[in-house]
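The block underneath contains the structure these notes are about, expressed in structure tokens.
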Ligand code: UT7
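In our numbering, the protein residues as written are 1 to 416.
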């Protein structure tokens, strides 16, 4: 790869003219780095049984979720995103200063403004990148990835950092069993780098179907319904979802979106080593496998451990799939997501990076070394929702499964 030699911008398509000019070589966007971060605190189905009228058996059979992660009070979307980002940058073998563009996909930004991407830019020590957030809900990482690919292929950027980061547990109504059991917190990231070597990101398929606009939404806080005592009293600052309608859309669209991306890559589903779908519900992923006429072992799943982490779900899953040895150099993989909007997106990728770099990057970046600058003279109220705080404050400790702990993170966490 020549990504580090600075040749990409010089070989921009169309840059050379005249009869004697050599044909410019196409620039490809390769995934050179990947990383993830999940908070240590585990919220199990048994914990939820103590909060709402639900039970482990219902949650597991209807969703496949066994537990999810909850960010600590001092963690934010930006802080989680910055850890995942630094791991991805380390895996790519570049400096944070080499990044030209930062795209952060989230539906739970730290603030309405500035962008969470801007906070991450400062936290990782980059001083030149353009930085912006991507609002496409659970499809956000795939939308960001496709945008990064376009920037690289057009010669606008050599290295793009794409992050999916979510702190959903602060936007859940813990009296609504239809939503609060589904979501969790975390972040994942990828670095895309320019190269004239073939491979990397291939066919893109993105769709938006606004008839589903109010199927998953957060009613208040925006310009249509600014925050007020009334909107808070009515619980309109929490995520609402029509589960059944969303389920129908997801099962209809995920396989067709993935298929379109595979076809645009000149491939067939059987050519794909691993599909990495949005981790919303195991039944939805099973429907995708059925729709593509493939066995479940071609679908990567970790929904049992993290629940639905929205825009973070695909990059967390991609990082785990690679680090756990499910992807090798030369494999084709397809990332595919759906979400509020309704949005849906897929990109097929020919993997070209050494998978071993991901684990080394996890070990190299210690989350306690990563800091997001706080506002001066301003105290936030306790960010943990009261129902969750009550549960977390009960005596006792929660064991974090040791095989699921990223090196450098605490291995157990106490609720006291
Ligand atoms: O990233 C995109 C975000 N969203 C999604 O992907 C969600 C897509 N939808 C889903 O995954 C499913 O629709 C859910 C998991 C949300 C719900 O599963 P379902 O099989 O569609 O259940 P349902 O909504 O039809 O509810 C069946 C029953 C109802 O009781 P009755 O009316 O039959 O007596 C619900 O009240 O299950 C009840 N129920 C629960 N019971 C125990 C709903 N939530 C729960 C719960 N625990 N947490």
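The C-beta atom is built at its ideal place from N, Cα and C for all residues, glycine as well. Since this is a predicted model, take the numbers as computed values, not measurements.
Mind checking whether residue i and residue j have CB atoms under 8 Å apart?
i, j, result
"residue 344", "residue 257", "yes"
"residue 219", "residue 197", "no"
"residue 330", "residue 264", "no"
"residue 89", "residue 191", "yes"
"residue 104", "residue 134", "yes"
"residue 158", "residue 126", "no"
"residue 117", "residue 102", "yes"
"residue 178", "residue 243", "yes"
"residue 269", "residue 299", "no"
"residue 387", "residue 174", "yes"
"residue 148", "residue 160", "yes"
"residue 348", "residue 193", "no"
"residue 287", "residue 295", "no"
"residue 78", "residue 119", "yes"
"residue 205", "residue 139", "no"
"residue 182", "residue 341", "no"
"residue 200", "residue 352", "yes"
"residue 302", "residue 362", "no"
"residue 34", "residue 358", "yes"
"residue 176", "residue 391", "no"
"residue 212", "residue 311", "no"
"residue 259", "residue 321", "no"
"residue 65", "residue 304", "yes"
"residue 106", "residue 184", "no"
"residue 279", "residue 317", "yes"
Identify the continuous alpha helix (DSSP H) that holds residue i and give its terminal residues.
i, result
"residue 132", "Careful: residue 132 lies outside any alpha helix (DSSP H), inside the beta strand (DSSP E) at 130-134."
"residue 246", "243-264"
"residue 320", "313-323"
"residue 306", "303-306"
"residue 351", "No alpha helix (DSSP H) holds residue 351; DSSP gives it neither H nor E."
"residue 285", "282-291"
"residue 267", "Per DSSP, residue 267 belongs to no alpha helix (DSSP H) and is neither H nor E."
"residue 386", "386-392"
"residue 121", "116-124"
"residue 309", "Note, residue 309: premise wrong, no alpha helix (DSSP H); not H, not E."
"residue 362", "356-364"
"residue 229", "229-233"
So, under 8 Å CB-CB, residue i and residue j are touching, yes? Tell me the CB distance rounded to an integer number of Å.
i, j, result
"residue 186", "residue 209", "Contact flag wrong, Cβ pair sits at about 27 Å."
"residue 39", "residue 67", "Incorrect: roughly 12 Å between the Cβ atoms, too far for contact."
"residue 327", "residue 335", "11 Å between Cβ atoms; not a contact."
"residue 238", "residue 172", "6 Å"
"residue 162", "residue 189", "7 Å"
"residue 422", "residue 29", "There is no way to answer for residue 422, as the model of the chain reaches only from 1 to 416."
"residue 367", "residue 37", "6 Å"
"residue 115", "residue 129", "No, residue 115 and residue 129 are not in contact; Cβ-Cβ is about 12 Å, not under 8 Å."
"residue 83", "residue 381", "That pair is no contact at about 24 Å."
"residue 365", "residue 87", "5 Å"
"residue 70", "residue 169", "5 Å"
"residue 73", "residue 385", "In fact, because the Cβ distance is near 11 Å, the residues do not count as touching under 8 Å."
"residue 27", "residue 155", "6 Å"
"residue 253", "residue 338", "5 Å"
"residue 180", "residue 52", "6 Å"
Can you name the start and end residues of the beta strand (DSSP E) that residue i belongs to?
i, result
"residue 211", "Residue 211 -> no beta strand (DSSP E), and no H or E assigned at all."
"residue 375", "Per DSSP, residue 375 belongs to no beta strand (DSSP E) and is neither H nor E."
"residue 76", "Careful: residue 76 lies outside any beta strand (DSSP E) and carries neither H nor E."
"residue 335", "332-339"
"residue 36", "28-37"
"residue 277", "274-277"
"residue 42", "41-44"
Ligand 2 and residue i: does the residue's C-beta get closer than 7 Å to at least one heavy atom of that ligand?
i, result
"residue 34", "No copy of ligand 2 appears in this structure; the ligands present are ligand 1."
Handout entry: beta strand (DSSP E) runs wholly inside the stretch 144-204, at least 3 long, in chain order
Key = You should have 159-166 and 186-195.
Exercise for the section: Could you name each continuous alpha helix (DSSP H) segment of 4 residues or more that falls completely within the stretch 63-109, going from the start of the chain to the end? Expected result: Taken in chain order, the unbroken stretches of alpha helix (DSSP H) that lie wholly in the stretch 63-109 and span 4 residues or more are 77-92.
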